[in-house]
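Below: one structure, written as structure tokens.
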Amino acid sequence: MKKTATYDVLVIGAGPAGLSFARALADTELNICLLERQVESVLAAPPPDGRDIALTHDSMRLMRELDMWAHIPRNEISPIRQARVFSGTSSYFLGFDTKGTGKDALGVLVPNNEIRRAAYNAVKKFRNVTIRGKAEVKKVSTGDVHGTIMLANGEKLTAPLIVAADSRFSSARTQMGIPVSLKDFGRAAIVCRMAHDKPHGEIARECFFDDWTLAVLPLQGRQSSIVITLPADQAGDVMAMAPKAFDERIEESFGATLGRLKLVGEKFMYPLVATYASDFAARRFALMGDAAVGMHPVTAHGYNLGLAGADMLAGEIRNALSLGIDIGAPSVLEAYALKHRRASAFLFYGTNALVNVYTDNRPAALMLRAAGLRIANHLPPFKKYVTRQLTGKAA
Ligand SMILES: Cc1cc2nc3c(=O)[nH]c(=O)nc-3n(C[C@H](O)[C@H](O)[C@H](O)COP(=O)(O)OP(=O)(O)OC[C@H]3O[C@@H](n4cnc5c(N)ncnc54)[C@H](O)[C@@H]3O)c2cc1C
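Residues 2 to 396, numbered by my numbering, are exactly what the sequence shown covers, in order.
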């Protein structure tokens, strides 16, 4: 029989949220163990996954504070100076810029694998944080005094607090009996990079067509990150398209703004399922990252919210430590859950509503869509809200 290992905090999942949370607590006296099913060499050098993550100013600030920012190569950080939302091929757009925000960019794009690598590097130097690769969590349960995890290899670990950052399809969440509201859009996102002849002017462009969307996001040089969302039953065909046919299809839809477009590297596909846990905390247990809130990517908030949540829970735990309170006490976890719900509920349901309007082809939705951009363009509070989400509270 193997010995039971005991820690102060067990974190399930060393994705960007789990790693960021561990880093946010790494300079306390807590002994933290991250359990991740992938091997550690992949965490140290994650391969590109096609996602370029739009980071807000709040996220950049947190990443600086957590010493993650310094690990991101400068040539992998691409500023977004303006954003434009188009309906179909119409030249009319809903525009966002930095005017009045005191910032020179709405946000920046950083590849997801660079964020993961930076978070791993920021954490690994701490002796009180153990990163265990190839550690598949099979069973999670909690009691009044501590929580227990069983690994696939039969090992048992305990801690007064278990934090699950094991993705939007979190099995720890299910085992803890936390219901989740799940929205399957019946759609998929295809992401890739494309090179082009003309400069993008550091402008992000998002075009909504009848049953699909195309986002063209500015990277350094004459390259853009492409995000296509389309009905799931069409995604296979687009994935299978030869590069030349794919280039032509994007050029035809996007128009001549960037000149000729050419696929660079691979395409990646993600099913579009949004999830929102009915509770972010339970007895000696908290949900983090996509396991708490799994956003539709169209408004680019998933990791931004995950990082904000990591900061909130770490803040509550630090506070408990300073007051000598049990870090897994209901008051600590509920304070986190309440704050994170306040920060995320409107964005989650608002994003789903936006997706519904732009993927519904019934006449009422078509009319709303046609009018929507013009109305929104003349609604200063709406534009200010969106800009503030990106540039931070100071805007
Ligand atoms: C196409 C696309 C574009 C996006 N664009 C943006 C954007 O612009 N801005 C933004 O903020 N966000 C964006 N996101 C969202 C962002 O990528 C996610 O929110 C973020 O990656 C979630 O991180 P996470 O750590 O919570 O989960 P994950 O990255 O899913 O990590 C979960 C980890 O848990 C591990 N795990 C799972 N189960 C177990 C188990 N039983 N035992 C051990 N380990 C386990 C997994 O191996 C994995 O490493 C985008 C997402 C997509 C799909």
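The beta-carbon is built from N, C-alpha and C at its ideal position, and this holds for glycine as well.
- Within the DSSP bridge table, the entry for Y277 names S182, V294 as partners.
- Under DSSP, F209 shares a beta bridge with S88, T214.
- Residue pairing by DSSP places P232 opposite R188 in a beta bridge.
- Not one heavy atom of ligand 1 is found less than 8 Å from the C-beta of P112.
- R169 is the residue among P200, A173, Q176, R169 whose C-alpha sits nearest the C-alpha of D185.
- Membership of V141 in the beta strand (DSSP E) is indicated by the continuous run 138-143.
- Leaving aside the five residues that flank T149 on each side, the residues in its chain whose CB is nearer than 6 Å to its CB run, in chain order, S142, T159.
- By the criterion of at least three beta-carbon pairs nearer than 8 Å, the region 230-247 is not in contact with the region 123-138.
- In the structure shown, G310 adopts helical secondary structure according to DSSP, grouped into three states.
- Taking all protein chains in view, the Cβ of V333 is crowded by 16 or more other Cβ atoms within 10 Å, so the residue is classified as buried.
- Relative to ligand 1, the beta carbon of A18 is positioned inside 8 Å of a heavy atom.
- Following the DSSP letters along the chain, one finds L26 inside the alpha helix (DSSP H) bounded by residues 17-26.
- Bounds of any alpha helix (DSSP H) do not take in S168, whose DSSP letter is neither H nor E.
- By the CB criterion at 9 Å, A190 and A18 fall outside the cutoff.
- Selection A25, G295, R75 evaluated against L183 yields G295 as nearest (Cα-Cα).
- The Cβ atoms of A196 and V265 lie closer than 9 Å to each other.
- Going by beta carbons, D68 and F269 fall outside the 9 Å limit.
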